[in-house]
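Below is one structure, written out as structure tokens; comments come after it.
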Amino acid sequence: MAVKAPSDEVQRVISLALDAAFYRTIYGDVTAEGEALGHYARHGWREGRDPAPWFSGTRYLEANPDIAKAGVEPLHHYLTRGRYEGREVYPSVHAHRYFEGRLTGGEPVLWRLETPAAAEPAVPPPEAVPEAAPEAAPEAPAHAAPNVVAEMTYADRRAAERVLVGPEFDAAYYLGMNPDVAEAGTDPLEHFLMAGWREGRDPNAWFSVRDYLETNPDIVQAGDNPFVHYVMAGRSEGRAAKQDLGFRYDVLAGLVPVGERVARASAATAAVKLGTAKALAAGLAAARTGLKDLHVTFSHDDYTAHLGGVQLCLQREAARIGKLGRDHLHIHPAVAWPVVRTRGERGALGVLLNGRALGVYSGAVIARALGEAAGPAGARSFAIHSLLGHGAEETVKILAAVGLKAGYFWLHDFASLCAGFHLLRDDVEDCAAPPPQSPACNVCVYGPWRARHLAEHGKLFKALDLTVVSPSQPTLDLWRAAWTFPTKGEVVAPHARLVRRGPSPITDGPFRLGFAGLTAAHKGWPVFRELALKFAHDPRYQFIHFGLRSIGGLPIDFKPVRVNAERPKAMQQALESAQVDAVLVWPLCRETFSFTAYEAVAAGAAVVTNPDSGNVAAFVHGGGHGRVLADEAALAELLASGEILALARSVRKPSLYDLKFSGLTVDLLDRARAA
Numbered sequence: 001m002a003v004k005a006p007s008d009e010v011q012r013v014i015s016l017a018l019d020a021a022f023y024r025t026i027y028g029d030v031t032a033e034g035e036a037l038g039h040y041a042r043h044g045w046r047e048g049r050d051p052a053p054w055f056s057g058t059r060y061l062e063a064n065p066d067i068a069k070a071g072v073e074p075l076h077h078y079l080t081r082g083r084y085e086g087r088e089v090y091p092s093v094h095a096h097r098y099f100e101g102r103l104t105g106g107e108p109v110l111w112r113l114e115t116p117a118a119a120e121p122a123v124p125p126p127e128a129v130p131e132a133a134p135e136a137a138p139e140a141p142a143h144a145a146p147n148v149v150a151e152m153t154y155a156d157r158r159a160a161e162r163v164l165v166g167p168e169f170d171a172a173y174y175l176g177m178n179p180d181v182a183e184a185g186t187d188p189l190e191h192f193l194m195a196g197w198r199e200g201r202d203p204n205a206w207f208s209v210r211d212y213l214e215t216n217p218d219i220v221q222a223g224d225n226p227f228v229h230y231v232m233a234g235r236s237e238g239r240a241a242k243q244d245l246g247f248r249y250d251v252l253a254g255l256v257p258v259g260e261r262v263a264r265a266s267a268a269t270a271a272v273k274l275g276t277a278k279a280l281a282a283g284l285a286a287a288r289t290g291l292k293d294l295h296v297t298f299s300h301d302d303y304t305a306h307l308g309g310v311q312l313c314l315q316r317e318a319a320r321i322g323k324l325g326r327d328h329l330h331i332h333p334a335v336a337w338p339v340v341r342t343r344g345e346r347g348a349l350g351v352l353l354n355g356r357a358l359g360v361y362s363g364a365v366i367a368r369a370l371g372e373a374a375g376p377a378g379a380r381s382f383a384i385h386s387l388l389g390h391g392a393e394e395t396v397k398i399l400a401a402v403g404l405k406a407g408y409f410w411l412h413d414f415a416s417l418c419a420g421f422h423l424l425r426d427d428v429e430d431c432a433a434p435p436p437q438s439p440a441c442n443v444c445v446y447g448p449w450r451a452r453h454l455a456e457h458g459k460l461f462k463a464l465d466l467t468v469v470s471p472s473q474p475t476l477d478l479w480r481a482a483w484t485f486p487t488k489g490e491v492v493a494p495h496a497r498l499v500r501r502g503p504s505p506i507t508d509g510p511f512r513l514g515f516a517g518l519t520a521a522h523k524g525w526p527v528f529r530e531l532a533l534k535f536a537h538d539p540r541y542q543f544i545h546f547g548l549r550s551i552g553g554l555p556i557d558f559k560p561v562r563v564n565a566e567r568p569k570a571m572q573q574a575l576e577s578a579q580v581d582a583v584l585v586w587p588l589c590r591e592t593f594s595f596t597a598y599e600a601v602a603a604g605a606a607v608v609t610n611p612d613s614g615n616v617a618a619f620v621h622g623g624g625h626g627r628v629l630a631d632e633a634a635l636a637e638l639l640a641s642g643e644i645l646a647l648a649r650s651v652r653k654p655s656l657y658d659l660k661f662s663g664l665t666v667d668l669l670d671r672a673r674a675a
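Residue numbers (the working numbering): 1 to 675.
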């Protein structure tokens with residue numbers, strides 16, 4: 001008998017709480033972007049599939065036999081009636097697996113689930129419940145009597161909640177912080193009221209769902225929407241909307257053990273289908289020179305598919321290799337790994353030839369196919385830009401297959417010293433790479449994994465003749481002092497240099513403080529955001545963010561900027577066009593080289609940074625390009641006192657510069673030939 005299609009209204013209600021990303025992740029046969037809703041509404045719930053990590057349809061029907069007997073779809077029933085009748089919800093047995101990935105990405109979630117056994121139980125254990133599971137009748141507007149609330153229809157209740165919190169809900173902020181909601185085209189307030197608060201998504205910049213639930217266990221017990229409660233009653237009761245613990249607390253709260261990250265990467269790698277030696281040989285046959293003149297590179301990802309500093313460096317290197325008429329073979333892990341691999345851990349390596357993907361293969365297949373296809377050697381070279389996701393012995397065998405032993409190892413980060421390649425203790429504090437057995441390492445989440453990185457890189461340096469290339473002197477100095485690897489040589493090769501163009505034009509107006517790039521904690525975005533909030537009404541200042549995506553609901557202007565191989569100077573040009581006076585470059589970690597700092601100075605802006613910023617602080621000190629401040633308190637005081645106004649363009653009268661980018665390894669090869 002044909003299954004009756006659900007009505008448009010039923011599907012609309014379900015769509016407000018169904019988590020399509022969760023559904024597609026857990027149920028691999030549902031792959032299309034818009035397929036999840038229709039599949040669940042028609043068939044999925046009948047097959048025992050869960051619509052969201054916080055909701056188990058099977059458990060809901062088991063706990064409510066009257067609903068099961070009536071053959072009613074459980075999520076729609078809960079949203080329209082069950083939650084007002086005080087019926088309980090239980091999380092999906094798949095929630096733990098799904099949220100492992102989200103936690104690693106830094107997204108806040110409100111689940112405390114025990115790691116499941118090898119065989120998942122039919123229902124979760126009693127302790128595996130969401131912190132905000134509704135166990136009591138929902139809250140009522142302050143003016144409504146309980147008996148009236150119990151009789152409210154779904155539409156009336158939803159309308160009441162919207163009226164109550166709507167004026168204080170920041171849709172722009174919500175969509176900016178949750179691009180998946182924006183992409184889905186869902187009403188942001190509806191999404192928040194239905195599912196967003198359960199997933200730890202905040203309704204605006206000044207209210208924290210996580211904090212409110214952590215400090216108010218009675219709200220957790222009642223299963224109330226924390227923001228609805230705060231607006232309706234919590235504020236008048238003196239309850240805090242947000243804990244003032246700083247963004248580092250949030251980073252620490254979201255830390256995931258490295259072992260869990262490795263387990264996830266290993267499982268994802270095991271699921272990748274590997275290509276054959278025959279298939280790779282067919283791809284290699286398209287080489288420009290038959291692999292006679294060959295440059296091989298290794299990094300942590302596909303530089304053609306991702307944006308970032310290392311990726312842009314590889315794009316420049318590949319372009320220079322192409323101009324020389326040589327073949328470029330790039331090898332990267334098909335699945336992102338947080339650490340280097342060791343013997344026994346399965347690898348799945350993506351292969352690119354001259355920028356074209358040839359598929360995914362094991363290291364052994366790559367070595368064999370290269371050995372058979374390479375033929376007589378001409379001008380061959382290699383550069384290791386990152387060993388993350390690679391194994392040392394496997395890398396050596398691949399290079400040996402084309403007769404390579406002497407090459408270059410780039411210090412784009414500090415992965416050769418620690419699994420925490422930013423050298424941030426627990427992702428919040430600079431550690432400066434202390435001795436591996438020191439107490440400082442013992443208290444860090446990356447401490448137990450440091451030995452793996454030192455050992456694997458030790459094997460690499462012992463087997464190959466590597467010249468270490470650092471983009472800055474401070475980076476090389478720290479690397480050399482922290483550990484001893486046998487190198488063929490060490491050289492400093494900056495990624496860019498400044499060439500003076502002329503004076504900068506001077507304009508009037510407020511002091512323009514910019515932030516360029518990713519809104520990531522380790523890049524200093526929370527520091528910039530708090531400054532903007534603190535000085536939002538100070539007419540002396542204007543705050544501007546230059547990047548790929550805006551975060552709404554903040555007193556920060558946004559200028560879209562995308563830097564790529566076609567537009568390498570896009571950030572510099574945007575900063576110059578906006579007449580930015582200073583750029584805040586406030587990383588928590590030691591930058592090996594900061595394109596942002598160079599772009600800022602090239603555009604005529606000063607740089608404001610901290611002493612833990614590595615090459616940035618050295619660049620600012622050495623060139624008189626701005627200010628290096630002791631800490632965030634000194635930064636706030638710089639604005640409060642107005643002392644930062646001394647960095648205004650009208651006072652400094654700065655020069656403008658061109659950025660001359662390096663060809664990376666190709667420059668070193670040219671230098672070696674000239675010698």
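The C-beta atom is built at its ideal place from N, Cα and C for all residues, glycine as well.
Taking the continuous alpha helix (DSSP H) assigned at alanine 506, which residues delimit it? In the sequence shown, counting from the first residue as 1, residue 506 sits at position 506. Note that residue 506 is isoleucine in the sequence shown here, rather than alanine. Premise fails: isoleucine 506 is in no alpha helix (DSSP H) and is neither H nor E.
Could you work out which residue in Tyr657, Ile551, Ser650, Arg540 is closest to tyrosine 597 when comparing CA atoms only? For the purposes of this step, residue 597 is taken as residue 597 along the sequence shown, with counting starting at 1. In the sequence as displayed, the identity of residue 597 is alanine instead of tyrosine. Of the listed residues, the one whose Cα sits closest to alanine 597 is Tyr657.
Taking glycine 626 and leucine 647 to be in contact with their CB atoms under 8 Å, please state how far apart those CB atoms are, rounded to whole angstroms. Indexing the sequence shown from 1 puts residue 626 at position 626. Indexing the sequence shown from 1 puts residue 647 at position 647. Going by Cβ atoms, the distance from glycine 626 to leucine 647 rounds to 6 Å, so yes, they are a contact pair.
Spatially closest choice to valine 492 from Asp477, Arg500, Ser470, by CA coordinates: Taking the sequence shown and counting its residues from 1, the one referred to as residue 492 is at position 492. Of the candidates Asp477, Arg500, Ser470, the one whose C-alpha sits nearest the C-alpha of valine 492 is Ser470.
Can you find at least 3 beta carbon pairs, one from the stretch 332-341 and one from the stretch 233-252, that sit closer than 8 Å? Touching, no, given that fewer than three Cβ pairs across the two stretches are closer than 8 Å.
For tryptophan 410: DSSP bridge partner residues: The residue labelled residue 410 in the question sits at position 410 within the sequence shown. Answer by DSSP bridge pairing, in chain order: Val469.
Could you pull out every unbroken alpha helix (DSSP H) segment of at least 4 residues lying fully inside the stretch 347-410, listed in chain order? Correct list: 363-373, 392-401.
Hey, quick one: how far does the beta strand (DSSP E) through threonine 297 stretch, first residue to last? Within the sequence shown, residue 297 is the residue found at index 297, counting from 1. Under the DSSP assignment, threonine 297 falls in the beta strand (DSSP E) whose first and last residues are 294-298.
Leucine 498 - DSSP class collapsed to helix/strand/coil: Here residue 498 corresponds to residue number 498 of the sequence shown, with the count starting at 1. Leucine 498: strand per DSSP, three-state reduction.
Consult DSSP for glutamate 610 and reduce its assignment to one of helix, strand or coil. Here residue 610 refers to the residue found at position 610 when the sequence shown is read from its first residue. As written in the sequence, residue 610 is asparagine, which differs from the glutamate given in the question. Three-state result, asparagine 610: coil.
Tell me which residues share the same chain as phenylalanine 558 and place their Cβ nearer than 7 Å to its Cβ, disregarding the 5 neighbours each side in the sequence. Position 558 of the sequence shown holds residue 558. Closer than 7 Å at Cβ, skipping near neighbours: His545, Ser550.
Between tyrosine 417 and valine 365, how many whole angstroms is the CB-CB distance? I'm expecting something under 8 Å. Position 417 of the sequence shown holds residue 417. Position 365 of the sequence shown holds residue 365. According to the sequence shown, residue 417 is leucine rather than tyrosine. Contact flag wrong, Cβ pair sits at about 31 Å.
Could you check whether cysteine 589 and histidine 522 sit closer than 7 Å to each other, using their CB atoms as the reference points? The residue you call residue 522 lines up with position 522 of the sequence shown. The residue you call residue 589 lines up with position 589 of the sequence shown. Contact flag set, yes.
Is it the case that the stretch 298-312 contacts the stretch 386-403, given that we only count it when at least three CB pairs across the two stretches are under 8 Å? Taking one beta carbon from each stretch, the stretch 386-403 and the stretch 298-312 have 3 or more pairs nearer than 8 Å; the two touch.
Going by the beta-carbon positions, is the gap between alanine 41 and isoleucine 14 smaller than 7 Å? Numbered from 1 along the sequence shown, position 41 holds the residue referred to as residue 41. Numbered from 1 along the sequence shown, position 14 holds the residue referred to as residue 14. One thing to note: alanine 41 has its Cβ within 7 Å of the Cβ of isoleucine 14.
Do you know offhand how far glycine 686's Cα is from leucine 164's? The question about residue 686 has no answer here: the residues shown for the chain are numbered 1 through 675.
Three-state secondary structure assigned by DSSP to histidine 621: Counting from one through the sequence shown, the residue named residue 621 turns up at place 621. Residue state for histidine 621 is assigned as helix, using DSSP reduced to three classes.
As assigned by DSSP and simplified to three states, the class of glutamine 315: The count along the sequence shown starts at 1 and reaches residue 315 at position 315. Glutamine 315 falls in the helix class under three-state DSSP.
Going by the CB atoms, is the gap between alanine 570 and valine 580 shorter than 7 Å? As a position in the sequence shown, residue 580 is number 580, starting the count at 1. As a position in the sequence shown, residue 570 is number 570, starting the count at 1. No. Outside cutoff.
Cβ shell of alanine 603 (< 6 Å), same chain only, five flanking positions each side left out: Counting from 1 along the sequence shown, the entry for residue 603 is found at position 603. Contacts found: Gln572, Leu575, Glu576.
Would glutamate 643 and valine 616 be called neighbours here (beta carbons separated by less than 7 Å)? Reading the sequence shown from its first residue, position 643 is the one you call residue 643. Reading the sequence shown from its first residue, position 616 is the one you call residue 616. Contact flag unset, no.
Integer-rounded CB distance, given that serine 362 should sit under 8 Å from leucine 274: As a position in the sequence shown, residue 274 is number 274, starting the count at 1. As a position in the sequence shown, residue 362 is number 362, starting the count at 1. About 5 Å separates the beta carbon of leucine 274 from that of serine 362, a gap short enough to meet the 8 Å contact definition.
Would you mind stating whether proline 51 and leucine 75 have Cβ atoms separated by less than 7 Å? In the sequence shown, residue 51 corresponds to position 51, counting from 1. In the sequence shown, residue 75 corresponds to position 75, counting from 1. Taking 7 Å as the Cβ cut-off, proline 51 and leucine 75 qualify as a contacting pair.
Of the residues Lys660, Val561, Gly57, Gly553, the one placed nearest tyrosine 173, counting alpha carbons only: Here residue 173 refers to the residue found at position 173 of the sequence shown. When C-alpha distances from tyrosine 173 are compared across Lys660, Val561, Gly57, Gly553, the shortest belongs to Gly553.
Residues in the same chain with beta-carbon distance under 6 Å from alanine 463, minus the five sequence neighbours each way, listed in chain order, please. Indexing the sequence shown from 1 puts residue 463 at position 463. Result list for alanine 463: Val396, in chain order.
Locate the alpha helix (DSSP H) running through aspartate 250, then write down its first and last residues. Position 250 of the sequence shown, counted from the first residue, corresponds to residue 250. Counting along the chain, the alpha helix (DSSP H) containing aspartate 250 begins and ends at 247-253.
In the DSSP assignment, the beta strand (DSSP E) including leucine 513 goes from what residue to what residue? Mapped onto the sequence shown, residue 513 falls at position 513. Its beta strand (DSSP E) spans residues 511-516.
Histidine 328 versus tyrosine 27: straight-line alpha-carbon distance, rounded: Position 328 of the sequence shown holds residue 328. Position 27 of the sequence shown holds residue 27. Distance between the alpha carbons of histidine 328 and tyrosine 27: 38 Å.
Residues in its own chain within less than 7 Å of arginine 341 by CB, not counting five upstream and five downstream? Along the sequence shown, one-based indexing puts residue 341 at 341. Contacts found: Gly347, Gly389, His390, Gly391.
Residues in the same chain with beta-carbon distance under 8 Å from alanine 672, minus the five sequence neighbours each way, listed in chain order, please. Counted from its first residue, the sequence shown places residue 672 at position 672. The answer is none, since no qualifying residue turns up.
For glutamate 393 and lysine 459, the rounded distance between their alpha carbons: For this step, residue 459 is matched to residue 459 along the sequence shown. For this step, residue 393 is matched to residue 393 along the sequence shown. Their backbone Cα atoms lie some 7 Å apart in a straight line.
Counting only runs of 4+ residues fully inside the stretch 427-451, write out the alpha helix (DSSP H) ranges in chain order. Listed in chain order, the complete alpha helix (DSSP H) runs (minimum 4 residues) inside the stretch 427-451 are 439-442.
Alpha carbon to alpha carbon, how far is tryptophan 479 from arginine 529? Position 479 of the sequence shown holds residue 479. Position 529 of the sequence shown holds residue 529. Computed Cα separation, rounded: 32 Å.
Quick check on the DSSP output: what are the complete alpha helix (DSSP H) runs of length 4 or more inside the stretch 528-596, in order along the chain? Counting only runs of 4 or more, we get 570-577.
Do aspartate 427 and cysteine 444 come within 7 Å of each other at the CB atom, strictly closer than that value? Here residue 444 refers to the residue found at position 444 of the sequence shown. Here residue 427 refers to the residue found at position 427 of the sequence shown. Taking 7 Å as the Cβ cut-off, cysteine 444 and aspartate 427 do not qualify as a contacting pair.
Sequence ranges, alpha helix (DSSP H) only - wholly within the stretch 36-74, length at least 4: Fully enclosed alpha helix (DSSP H) runs of 4 or longer: 57-63, 65-70.
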